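Single-structure report; data block below.
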Amino acid sequence: MISNLAKAGWRFKRPSVIPGFGLTLGFTLAYLALIVLIPLTGLVWRSASLGFTGFWQIASDPRTVNALKISFGTALVAALINVVFGVIVAWVLVRYRFPGRRIIDAIVDLPFALPTAVAGIALTSLYAKNGWIGQFLEPLGIKVAFTPIGITIALIFVGLPFVVRTVQPVMEEIRKEVEEAAATLGANRFQTITRVLLPGLQPAILTGFALAFARAVGEYGSVIFIAGNLPYVSEIAPLLIVIRLEEFDYAGATAIAAIMLLLSFAMLFIINLIQAWSRRRYGYGT
Amino acid sequence: MDVRVSGVRKEFDRFPALHDVSLEINSGELIALLGPSGSGKTTLLRLIAGLESPTEGKVFFGDEDASLKSVQERNVGFVFQHYALFRHMTVIDNVGFGLKVRPNSSRPSSDEIRRRSSELLDFVQLSGLEKRYPAQLSGGQRQRVALARAMAIEPRILLLDEPFGALDAKVRKELRRWLREIHDKTKHTTVFVTHDQDEALELADRVVVMSQGRIEQIGTPDEVYDKPNSPFVYSFIGESSKIDVRVENGELWLADRRIGLKSDLPDGNAWLYFRPHDVALVKDSDACITGTVVASRRVGATRRVELELGGNAERIEIGISADHPAKEMSGIAFRPQHWRVFPRS
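Chains as they are written, first to last, in the working numbering: chain P, 1 to 286; chain B, 1001 to 1345.
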């Protein structure tokens, strides 16, 4: 049965009663090519002009490597933290009715709308040595602003809505019956959450994670204010690209960009594979 | 396991769903809670399971007061209307779930869980589908998985909420017979909720007829069908016709005519209930019900005629033999063979 489904998946879908398959597919391809594919191809093309040795020289430059490590490392940590808090926020919004719920629901979307530079400046002033929160962390020996911790906090800010907004609708769909079934079978609250609810949400959580992660890897505006931008310590890869551009080192900039592109694509591709696999198993969306 | 529900009342936000319901279920019985939607039957089932707690009253399992116990501690098998299978688990993991979440001290080994789960799947005739996911099963198969999952915890009682509600008519009939067989084999005390009277009458040892949060009648299928004890049961189970009559000196009168039926109700207005097919045609003699045929239909082996009763332009239906030459506007005289009279209040 599964192999049948997989085989059928490769065939063109039969046209339905609604016409326009050719039109919409053509539009999709043209649109994707203009907006996404051609610029990205240009990127690869430009960095290819460096030749392998030139490319490798830039790729293995300690400053590049560190910037990439910081970018992907902080993005990963931020996305993981967002998964935990995003799921809790979604849970509260879905499960409970309380005054101000709609307001909180709306606040979750703010990071989408707010210019990220504003968020970066606000977070910096909060977490700086003399900021509202920073002054309490300073005596404890915790420095947030101008360190990777600061970068992570900025990335948590921009990534939160992605997790909440992908998990929330799926959570709303969970029937109360499923939880009750677990309870009648003897599962306590904790077992119900860890063995029944969370595994059921896993595909949505994974999507939210991927989106938050992808967004965080590419984030620039909010990070540069709070990062301090010390080479080798708190300099992110997008910033390094801008620095190279300002030095008119276009090839260097595109090389770093190409590496980021490759890494991001690989990670998103793997996440998508996991998604497709779990979708086929659990029958979501079929 | 005997189950005793005693004086249970349940309110949702001050809206009463059950009024003072008492019910005794004997060990090994198969009981149907039958009623229209909104009659409180599902609420009663959920109260027994512990998914709701009563506003007043108690539920006993044997001699022990189950009201004090949580759902988890009650150890009941509950099959939900839409099965509520865990869709991220395979069939066999669904069935074994109840055993896997037991505390270490009472949890069987994983081999044992696996063995018992496949045994149950065998029992519900689903062997070979262990590795499937719920999304890959038909409705009837999901129903069986849900039942196997509920039985895996060796429940003290088995509760089923509209077990066949979401299935098509053919599968429904099959599963109905199959559930009866399963019950006869396992002898679980079983309570199921249904709004389908055929299902209740065919399957259950005893039927509990409910309406508007009250139990109207408890009895064997024969009792509730042949001796309904209220106008509601009379009209809800099987077909019925009712006539507006008057009791005078122990006799029933329709307008100015005696029907020829006796009643020991006090004088006053009353409803006469009878089954449309359970009538005897009589010659237009002194004491009978007479009416004019206004419509006549062939229904299966009998003819169903709609009569207009002279006095008050009331219309009723009766069933007569198919070869009766009932023409429109002709007169028919009959007398119910089994009937009941309920005072009009």
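Glycine included, C-beta positions come from ideal geometry on N, C-alpha and C. Keep in mind that this is a model prediction, so the values were computed, not measured.
Residue i and residue j closer than 9 Å at C-beta
i, j, result
"A210 of chain P", "N272 of chain P", "yes"
"G22 of chain P", "G150 of chain P", "no"
"I1025 of chain B", "V1008 of chain B", "no"
"L201 of chain P", "V87 of chain P", "yes"
"I1332 of chain B", "V1293 of chain B", "yes"
"R1164 of chain B", "R1177 of chain B", "The sequence shown places Phe at residue 1164 of chain B, rather than the Arg named in the question. In this structure, R1177 of chain B does not lie closer than 9 Å to F1164 of chain B by Cβ."
"G325 of chain P", "G120 of chain P", "This structure does not reach residue 325 of chain P, given that chain P is present from 1 up to 286, and the question cannot be answered."
"V1209 of chain B", "F1236 of chain B", "yes"
"D1336 of chain B", "R1304 of chain B", "Checking the sequence, you will find Pro at residue 1336 of chain B rather than Asp. The answer is no: Cβ separation not under 9 Å."
"R1132 of chain B", "V1095 of chain B", "no"
"F85 of chain P", "L137 of chain P", "no"
"V163 of chain P", "V83 of chain P", "yes"
"L1085 of chain B", "A181 of chain P", "yes"
"W1339 of chain B", "F1274 of chain B", "yes"
"I1157 of chain B", "F1061 of chain B", "yes"
"A251 of chain P", "S49 of chain P", "yes"
"A255 of chain P", "F52 of chain P", "no"
Nearest candidate by alpha-carbon position, reference residue i, set the options
i, options, result
"L123 of chain P", "P:E138, P:I149, P:A154, P:P115", "P:A154"
"F1398 of chain B", "B:R1046, B:D1278, B:S1296, B:D1267", "The structure shown does not extend to residue 1398 of chain B, since chain B spans only 1001 to 1345, so no value can be given for it."
"A1421 of chain B", "B:D1122, B:E1064, B:G1238", "Residue numbering for chain B in the displayed model covers 1001 to 1345; residue 1421 of chain B lies beyond these limits and cannot be assessed."
"D1002 of chain B", "B:R1340, B:D1323, B:V1124, B:T1190", "B:T1190"
"E1052 of chain B", "P:N82, P:T184, P:L261", "P:T184"
"R1344 of chain B", "B:W1271, B:G1291, B:G1219, B:E1199", "B:W1271"
"H1188 of chain B", "B:F1012, B:F1015, B:I1048, B:L1030", "B:L1030"
"E1248 of chain B", "B:V1299, B:P1036, B:G1260", "B:G1260"
"V1279 of chain B", "B:S1138, B:D1093, B:L1252, B:F1334", "B:F1334"
"Q1081 of chain B", "B:S1070, B:R1144, B:N1104", "B:R1144"
"R1036 of chain B", "B:D1205, B:H1195, B:S1127, B:V1101", "The amino acid at residue 1036 of chain B is misidentified as Arg; the sequence shows Pro. Selected option, being the one with the closest Cα: B:H1195."
"F112 of chain P", "P:A78, P:F157, P:V77, P:L268", "P:F157"
Start and end residues, beta strand (DSSP E) containing residue i
i, result
"K1010 of chain B", "1003 to 1012"
"M1210 of chain B", "1206 to 1211"
"K1262 of chain B", "1257 to 1262"
"P1336 of chain B", "1331 to 1336"
"D1244 of chain B", "1241 to 1248"
"A1280 of chain B", "1279 to 1281"
"G1077 of chain B", "1076 to 1079"
"S1110 of chain B", "Note, S1110 of chain B: premise wrong, no beta strand (DSSP E); alpha helix (DSSP H) at 1110 to 1123."
"G1319 of chain B", "1314 to 1321"
Reduced DSSP category for residue i - H, G, I as helix; E, B as strand; rest coil
i, result
"E1130 of chain B", "coil"
"I2 of chain P", "Any answer about I2 of chain P is weak, because its pLDDT of 44 lies below 50 and its placement is not dependable; what the coordinates show is given next. Correct three-state label for I2 of chain P: helix."
"G1165 of chain B", "coil"
"G317 of chain P", "Here chain P covers residues 1 to 286 and nothing more, so residue 317 of chain P does not appear."
"A1287 of chain B", "coil"
"F1192 of chain B", "strand"
"S1070 of chain B", "coil"
"K1170 of chain B", "helix"
"P199 of chain P", "helix"
"F27 of chain P", "helix"
"T1186 of chain B", "helix"
"P1221 of chain B", "helix"
"E219 of chain P", "coil"
"L1307 of chain B", "strand"
"A182 of chain P", "helix"
"S1345 of chain B", "coil"
"G159 of chain P", "helix"
"N229 of chain P", "coil"
"E1199 of chain B", "helix"
"S278 of chain P", "helix"
Range covered by the alpha helix (DSSP H) that runs through residue i
i, result
"P1016 of chain B", "Unbroken run through P1016 of chain B is the beta strand (DSSP E), 1015 to 1025; no alpha helix (DSSP H)."
"K129 of chain P", "It is not in any alpha helix (DSSP H) - K129 of chain P carries neither H nor E in the DSSP assignment."
"V92 of chain P", "62 to 95"
"I38 of chain P", "38 to 48"
"V144 of chain P", "No alpha helix (DSSP H) holds V144 of chain P; DSSP gives it neither H nor E."
Outcome for residue i when other beta-carbon atoms lying within 10 angstroms are tallied against a minimum of 16
i, result
"S1263 of chain B", "buried"
"P19 of chain P", "exposed"
"I2 of chain P", "Confidence is the limiting factor: at I2 of chain P the pLDDT is only 44, short of 50, which leaves the residue's position unreliable, though a coordinate-based value still follows. Label assigned to I2 of chain P: exposed."
"V1059 of chain B", "buried"
"Y1083 of chain B", "buried"
"I107 of chain P", "exposed"
"S1022 of chain B", "exposed"
"G42 of chain P", "exposed"
"M1329 of chain B", "exposed"
"P203 of chain P", "buried"
"E1162 of chain B", "buried"
"S47 of chain P", "buried"
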